[in-house]
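In short: position in the sequence shown from 1, add 15, done, that's our numbering.
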Amino acid sequence: MGIYRLFKKQFLPISVMEAWDFLSNPKNLSKITPPDMGFEVTSELPDRMYAGMIITYKVRPLFGIPVTWVTEITHVNEPNYFVDEQRFGPYSLWHHSHFISEVQGGVEMTDIIWYKLPFGILGDIVEPFMVRPRLEHIFEYRKKVLEGMFPTK
C-alpha cells in the first residue's frame, strides 16, 4: 500500500508578493482548477489564509461523482510557503506543500504532494492509470491558467 509523491515546479515572471497574494487567497483556487472537476467551495472564505483554517469543497474527481473534501491549512510562512492537509475526503493521506522562491526574473513555485489512496491494493492498482493522470491534468491546467494570467513580458 503505497504512499505516492507528485512534484511540480513552475516559473512565473512576477514578484514573490504577487505570487503570494494570488496563491494565498483561497478564493482563487477555483480559478486554477479544471472545470471538469466540478469544484465548488462550500465554506465561507476569508481573503487570506491562516494556519488552522478549514476549507470545505465539493469536487467531482472521477466519473462526475460528487465528493466532499475538507482541508486544513496547517502551516503558513508568508510569503514563502503554506501547507494544506486533507482532513476528510477521497484520499487516505493528502499533504500538499506550496513553496514560492524568488529566482532571476520572477518566482519559482514548487508543489510537493504526498498522497495515499484508500482501498488497499485496489488503490495501488488504479493509481498509475486513473489517479496519477488526473493529478497531472489538474496541474497542467493550473500551469496554463497561471501562464495566461501572468505572461512573460
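Backbone N, C-alpha and C define an ideal beta-carbon position, used for all residues, glycine too. Quantities reported herein were computed from a predicted structural model and do not represent experimental measurements.
The segment 67-122 is shown to contain no whole alpha helix (DSSP H) run of 4 or more residues. In the displayed model, R20 falls within a strand according to three-state DSSP. Put simply, the segment 62-69 touches the segment 90-108. At least three CB pairs are less than 8 Å apart. Residue P81 holds the alpha-carbon nearest to the alpha-carbon of D51 among P41, P81, T57. Within the same chain, L21, H111 come within 6 Å of I128 by CB-CB distance, once the 5 residues on both sides are set aside.
Taking 9 Å as the cut-off, the beta carbon of M164 is found no closer than this to the beta carbon of F54.
Taking the C-beta atoms as reference points, F26 is found no nearer than 9 Å to M145. Taking the Cα of I29 as reference, the smallest distance to any Cα among Y96, Q101, V122 is reached at V122. Under DSSP, T125 shares a beta bridge with K24, F114. Spatial neighbours of L60 in its own chain (CB-CB distance under 6 Å, excluding positions within 5 residues in sequence) are listed in chain order as P41, K42. Per DSSP, reduced to three states, the secondary structure at E55 is strand.
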